[in-house]
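Engineer: Handing you this structure, nothing more for now.
Protein chains in written order, with the numbering used here: chain A, 75 to 512; chain B, 75 to 512.
Below, the structure written as structure tokens:
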């Protein structure tokens with residue numbers, strides 16, 4: 075006969091409706107796999123009275139008050155899908171205090187202010203699923219916590235924002251500037267009216283904070299994550315990247331060193347031979363380097379109603395199976411039993427070594443190149459290749475492109491500051507980090 | 075303080091020693107994550123007296139008799155890593171009967187004769203981990219059973235044999251013939267002395283049988299899987315593939331239709347724009363198409379001591395966490411609760427539609443091309459593109475290459491049989507299926 079698990083969902087937006095669709099469309103499939111009836115008893119949404127679809131019509135309780143779910147003794151699992159910090163946090167905390175297991179896809183909340191939530195859930199022996207918070211439908215949270223549990227994961231490289239990846243892909247394919255592609259993405263619904271979180275790297279930073287916390291078994295203070303978005307990327311840089319055999323991606327990078335870690339988000343040039351360079355449009359991929367299993371890549375749709383709904387539903391199924399087994403929880407929310415307060419220092423971006431793409435915009439006149447090269451040399455930056463400007467007339471402003479060998483971020487910052495103050499340099503120098511080229 | 079789980083490992087070959095290395099090197103990491111001491115109490119291997127390394131020296135009990143482990147009341151988890159059908163099956167069955175949880179990476183046994191084992195483990199409420207059986211270190215078994223549980227998985231495309239992929243990659247890069255690359259792979263330890271299982275697709279067929287069983291929630295009779303290896307692939311075909319914008323991969327393909335399924339293994343041409351075409355050397359990748367999460371790709375090292383050892387260790391950790399929770403098992407071995415005996419008919423390869431690459435080897439003389447084209451037309455096969463032979467003298471045997479539109483396998487088999495019986499056709503026609511071209 076199997077048990078029946080009652081679920082209440084708070085928030086009927088994109089992910090909320092996707093989750094309901096997945097659970098209702100695949101009710102038979104889920105029952106066949108688990109033997110459990112997963113019953114969506116109630117949905118709370120401030121606009122619920124204005125919403126209607128064939129799925130919603132099957133839900134017994136529709137309410138505008140989240141506490142109709144949080145305080146319902148029949149509800150086993152509360153699913154928080156409203157996003158944002160508050161009241162989402164309050165809803166989650168109150169659900170836990172009422173003995174409910176919780177599923178959420180709220181990366182902003184978990185990255186910035188998750189600690190109190192994780193602690194409370196662990197103390198109360200309750201589950202908190204958040205597979206949908208990173209990589210949409212890509213199985214990655216439980217993969218890190220469980221499948222790769224025998225490994226020390228030392229490096230993460232993620233393309234984990236679909237909007238930014240879509241914009242960079244279109245800029246590359248259609249040779250359009252950022253602003254134009256953004257407008258089109260907004261019209262298609264791939265970018266929000268206020269795209270700041272996506273294009274400025276904030277959403278990516280939230281997600282890499284969660285991944286690095288799980289992978290490195292230490293809490294990462296979100297405010298220490300270096301974040302740079304893609305809004306300053308120009309067509310000319312995409313063109314130069316192609317000439318250098320590279321693609322520009324908004325990459326989240328996290329590395330664990332002996333005594334510290336680095337966690338950063340910025341546009342990055344990667345060689346075309348890397349599989350990550352083939353991750354296009356709204357697709358996401360997470361590339362892990364672990365000490366025993368070595369490299370793994372996890373690829374799929376990083377957003378959208380049904381992919382993220384699939385991850386949320388997977389969490390619900392997982393928790394339902396645990397409830398049915400009648401046992402205590404043995405896997406801590408973050409996958410490790412150490413105290414949460416053990417922090418590793420997060421490296422300052424200026425102390426991180428990498429190669430750099432530098433595009434100077436300088437007057438085309440004698441001596442300019444040697445002046446710039448001289449300043450780079452003064453800061454110990456050596457050049458691995460340079461692209462000559464095309465045809466121009468003396469007095470034109472031309473792009474001068476250099477690829478550097480590995481050097482400290484600080485050296486580049488200082489050199490570029492000095493170069494940008496030269497009379498002959500007419501625009502701010504464009505600096506893009508490069509991975510995978512020596 | 076945490077519990078101590080005792081593990082006994084049968085078989086100290088590549089995967090056995092890799093598993094021990096992972097568990098011992100990362101003992102502290104695993105303890106930090108789980109709170110559990112995973113203690114390798116004993117290792118059984120017929121050659122144990124001839125083996126010695128720093129890991130082995132830390133193991134309390136070394137024996138040549140597997141039953142010293144199977145009958146040891148202190149052992150919680152028996153790990154079978156000797157491979158092959160027997161005595162591996164007997165060891166697993168006896169371990170289960172003695173109340174032990176089992177971990178194995180034995181794909182041949184599970185694919186061909188797993189049913190009795192799965193049934194017994196489920197009846198006794200014991201765990202049977204087999205993450206290491208497919209895709210080496212790539213998390214895929216539990217991903218299908220748990221993370222994607224809310225989905226109907228409808229298609230699988232896998233590059234799941236590292237040896238075959240290594241050989242095809244080298245043939246492509248170094249322009250060498252199969253035999254030469256195979257010899258080099260054997261010298262490097264990437265291919266076994268008897269490479270039949272790997273190069274003839276048998277190992278790939280074992281693995282897709284397991285994946286399709288899990289993904290489609292039905293038992294796949296292994297003997298119904300169509301299998302064709304890579305030993306007949308010639309440099310000339312690789313060259314033509316490149317000219318067509320494709321790569322040749324040994325692909326495992328499984329698709330679920332309304333009333334039947336297809337499961338097959340054969341060399342396949344795929345367009346270079348597909349990410350799977352970028353999976354090179356010994357790397358593996360599994361591409362899934364699910365109804366809700368859509369496409370996902372799972373990539374990593376498909377073999378080797380440490381990657382597969384990581385998967386086996388992950389299973390051990392997972393089971394240890396369950397034992398610690400003191401609860402009954404709720405996830406069936408195959409991830410679904412239906413009876414095992416529900417079979418879907420497996421489509422005959424002749425009843426499967428696809429595009430084909432056909433290389434005819436015919437005399438270069440007038441009328442030959444139209445004769446061949448005429449026979450193709452008679453069987454309803456239409457051509458999407460053709461590659462003209464290069465310079466040749468009348469009377470030479472030249473390759474004639476056609477790419478067909480989608481057609482039934484049966485049509486191609488019949489047409490090729492008729493064409494190969496022509497006087498002017500001098501060698502057996504090479505037939506390679508094509509995915510992703512219409």
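In this text, a Cβ means the ideal position worked out from N, Cα and C, and glycines have one as well.
Going by DSSP, what residue range makes up the beta strand (DSSP E) through residue 352 of chain B?
Structural biologist: Numbered from its first residue, the second chain carries residue 352 of chain B at position 278. Unbroken run through residue 352 of chain B: none, as it is neither H nor E.
Engineer: Measure how close the beta-carbons of residue 386 of chain A and residue 264 of chain A come, nearest whole angstrom, since I'm counting them as under 8 Å.
Structural biologist: On the first chain, position 312 is the one that residue 386 of chain A refers to. On the first chain, position 190 is the one that residue 264 of chain A refers to. 21 Å between Cβ atoms; not a contact.
Engineer: Suppose the cutoff is 8 Å on Cβ atoms and the five residues either side in sequence are ignored; what does the same chain contact list for residue 88 of chain B look like?
Structural biologist: Working through the second chain from its first residue, we reach residue 88 of chain B at position 14. Answer for residue 88 of chain B: 378, 379, 382, listed in chain order.
Engineer: Taking any Cβ of chain A, which residues in the segment 212 to 225 of chain B have a Cβ under 7 Å from it, in chain order?
Structural biologist: Answer in chain order: 212, 213, 216, 217, 220, 221, 222, 223, 224, 225.
Engineer: Drop a sphere of 10 angstroms on the beta-carbon of residue 159 of chain B, count the other beta-carbons inside from all chains shown, and report buried for 16 or more, exposed for fewer.
Structural biologist: Looking up residue 159 of chain B in the second chain gives position 85. Residue 159 of chain B should be labelled exposed.
Engineer: Identify the continuous alpha helix (DSSP H) that holds residue 431 of chain A and give its terminal residues.
Structural biologist: As a working note, residue 431 of chain A is residue 357 in the first chain. No alpha helix (DSSP H) holds residue 431 of chain A; the beta strand (DSSP E) holding it covers 427 to 437.
Engineer: Mapping the DSSP letters down to three states, classify residue 75 of chain A as helix, strand or coil.
Structural biologist: On the first chain, position 1 is the one that residue 75 of chain A refers to. Summary for residue 75 of chain A: the model assigns pLDDT 45, below 50, so the residue's position carries little reliability; its value from the coordinates is reported in the next sentence. Residue 75 of chain A falls in the coil class under three-state DSSP.
Engineer: Leaving aside the five residues before and after residue 346 of chain A along the sequence, list all residues of the same chain whose C-beta is less than 7 Å from its C-beta, in chain order.
Structural biologist: Indexing the first chain from 1 puts residue 346 of chain A at position 272. Here the set comprises 319, 320, 321.
Engineer: Can you give me the C-alpha to C-alpha distance between residue 375 of chain B and residue 96 of chain B, rounded to a whole angstrom?
Structural biologist: Residue 375 of chain B sits at position 301 when you count from the first residue of the second chain. Residue 96 of chain B sits at position 22 when you count from the first residue of the second chain. Distance between the alpha carbons of residue 375 of chain B and residue 96 of chain B: 15 Å.
Engineer: In this structure, what does DSSP give as the bridge partners for residue 33 of chain B?
Structural biologist: Past the edges of chain B, shown from 75 to 512, lies residue 33 of chain B, and the structure says nothing about it.
Engineer: Let me confirm a value: residue 102 of chain B is counted as buried when at least 16 other C-beta atoms fall within 10 Å, else exposed. Which label applies?
Structural biologist: Your numbering for residue 102 of chain B matches position 28 in the second chain. By the neighbour-count rule (16 or more Cβ atoms within 10 Å), residue 102 of chain B is not buried but exposed.
Engineer: Tell me the DSSP bridge mates of residue 368 of chain B?
Structural biologist: Here residue 368 of chain B refers to the residue found at position 294 when the second chain is read from its first residue. For residue 368 of chain B, which the question treats as bridged, DSSP gives the partners B:364.
Engineer: If you count every other CB in all the chains shown that lies within 10 Å of the CB of residue 452 of chain B, and 16 or more means buried, which is it?
Structural biologist: In the second chain, the residue the question calls residue 452 of chain B occupies position 378. Its Cβ having fewer than 16 others within 10 Å, residue 452 of chain B is exposed.
Engineer: Can the beta-carbon of residue 329 of chain B be found less than 7 Å from the beta-carbon of residue 229 of chain B?
Structural biologist: Stepping through the second chain from its first residue, residue 329 of chain B is reached at position 255. Stepping through the second chain from its first residue, residue 229 of chain B is reached at position 155. In this structure, residue 229 of chain B lies closer than 7 Å to residue 329 of chain B by Cβ.
Engineer: Judging by CA-CA distance, which residue of B:437, B:470, B:388, B:436 is the nearest neighbour of residue 203 of chain B?
Structural biologist: Sequence index remark: in the second chain, residue 203 of chain B carries index 129 (1-based). Of the candidates B:437, B:470, B:388, B:436, the one whose C-alpha sits nearest the C-alpha of residue 203 of chain B is B:388.
Engineer: Taking C-beta pairs closer than 8 Å, name the residues in chain A that residue 417 of chain B reaches, listed in chain order.
Structural biologist: Walking along the second chain from the start, residue 417 of chain B turns up at place 343. Simply none; closest approach about 15 Å.
Engineer: In the segment 284 to 354 of chain A, which residue ranges form an unbroken alpha helix (DSSP H) of at least 4 residues, counting only runs that do not cross its ends?
Structural biologist: Qualifying alpha helix (DSSP H) stretches, in chain order: 309 to 317.
Engineer: Quick check on the burial criterion: 16 or more other C-beta atoms within 10 angstroms. Buried or exposed for residue 75 of chain B?
Structural biologist: Here residue 75 of chain B refers to the residue found at position 1 of the second chain. Residue confidence for residue 75 of chain B is low, a pLDDT of 45 falling below 50, so the modelled location carries little weight; the figure read from the coordinates is stated next. Exposed, since its Cβ has fewer than 16 Cβ neighbours within 10 Å.
Engineer: Taking residue 513 of chain A as part of the beta strand (DSSP E), name the residues at either end of that continuous run.
Structural biologist: Only positions 75 to 512 of chain A appear in the structure, and residue 513 of chain A is not among them; the question remains open.
Engineer: Sort out for me which residues DSSP pairs residue 87 of chain B with in a bridge.
Structural biologist: For this step, residue 87 of chain B is matched to residue 13 along the second chain. Note: residue 87 of chain B sits in no beta bridge, so no partner.
Engineer: Listing by chain order, which chain B residues have their CB less than 7 Å from the CB of residue 398 of chain A?
Structural biologist: Translated into positions along the first chain, residue 398 of chain A becomes position 324. Per Cβ cutoff of 7 Å: 404.
Engineer: Classify residue 257 of chain B as buried or exposed, calling it buried when 16 or more other Cβ atoms lie within 10 Å of its own Cβ.
Structural biologist: If you number the second chain from 1, residue 257 of chain B lands on position 183. Per the 10 Å Cβ criterion, exposed.
Engineer: For residue 147 of chain A, decide whether its Cβ has a neighbour in chain B, counting only Cβ atoms nearer than 7 Å.
Structural biologist: By 1-based counting over the first chain, the position of residue 147 of chain A is 73. With 7 Å as the cut-off, residue 147 of chain A does not count as an interface residue toward chain B.
Engineer: If you draw a straight line from the alpha carbon of residue 241 of chain B to that of residue 252 of chain B, how long is it in whole angstroms?
Structural biologist: Here residue 241 of chain B refers to the residue found at position 167 when the second chain is read from its first residue. Here residue 252 of chain B refers to the residue found at position 178 when the second chain is read from its first residue. Residue 241 of chain B and residue 252 of chain B: Cα-Cα distance of roughly 7 Å.
Engineer: Please report how far the alpha carbon of residue 39 of chain A lies from the alpha carbon of residue 493 of chain A, in whole angstroms.
Structural biologist: Chain A is shown only over 75 to 512; residue 39 of chain A falls outside these bounds and no answer can be derived.
Engineer: So, at 7 Å on beta carbons, what are the nonlocal neighbours of residue 166 of chain B in its own chain, with the 5 sequence-adjacent residues on each side left out?
Structural biologist: If you number the second chain from 1, residue 166 of chain B lands on position 92. 154, 176, 178, 191.
Engineer: Thinking C-beta only, is residue 337 of chain A closer than 7 Å to residue 217 of chain A?
Structural biologist: Counted from its first residue, the first chain places residue 217 of chain A at position 143. Counted from its first residue, the first chain places residue 337 of chain A at position 263. No.
Engineer: Give a yes or no on whether 7 Å exceeds the smallest Cβ distance from residue 387 of chain B to chain A.
Structural biologist: Residue mapping note: residue 387 of chain B aligns to position 313 of the second chain, counting from 1. Yes, because at least one Cβ of chain A sits closer than 7 Å to the Cβ of residue 387 of chain B.
Engineer: In whole angstroms, give me the CA-to-CA distance for residue 254 of chain B and residue 316 of chain B.
Structural biologist: Indexing the second chain from 1 puts residue 254 of chain B at position 180. Indexing the second chain from 1 puts residue 316 of chain B at position 242. Straight-line Cα distance between these residues: approximately 20 Å.
Engineer: Tell me the DSSP secondary structure of residue 460 of chain A in three-state form.
Structural biologist: Walking along the first chain from the start, residue 460 of chain A turns up at place 386. Strand.
Engineer: Report the start-end ranges of each alpha helix (DSSP H) in the segment 370 to 405 of chain A that is 4 residues or longer and not cut off at the edges.
Structural biologist: Within the segment 370 to 405 of chain A, the complete alpha helix (DSSP H) runs of at least 4 residues are 379 to 399.
Engineer: Quick one, which of A:408, A:423, A:507, A:384 has its alpha-carbon nearest residue 213 of chain A's?
Structural biologist: Here residue 213 of chain A is taken as the residue at index 139 of the first chain, counted from 1. Of A:408, A:423, A:507, A:384, the residue nearest in Cα terms is A:384.
Engineer: Output, in chain order, the set of chain B residues within a Cβ distance shorter than 8 Å of residue 410 of chain A.
Structural biologist: As a working mapping, residue 410 of chain A is identified with position 336 in the first chain. Under the 8 Å cutoff, chain B gives 106, 107.
Engineer: Which partner residues does residue 473 of chain A have in the DSSP bridge list?
Structural biologist: On the first chain, residue 473 of chain A is found 399 positions in, with the first residue counted as 1. Paired residue(s): A:435.
Engineer: Is the CB-CB distance between residue 434 of chain A and residue 496 of chain A below 7 Å?
Structural biologist: Taking the first residue of the first chain as 1, we reach residue 434 of chain A at position 360. Taking the first residue of the first chain as 1, we reach residue 496 of chain A at position 422. Cβ distance not < 7 Å, so residue 434 of chain A and residue 496 of chain A don't count as in contact.
Engineer: Does the beta-carbon of residue 342 of chain A have 16 or more other beta-carbons within 10 angstroms, so that it is buried, or is it exposed?
Structural biologist: Here residue 342 of chain A corresponds to residue number 268 of the first chain, with the count starting at 1. Residue 342 of chain A should be labelled buried.
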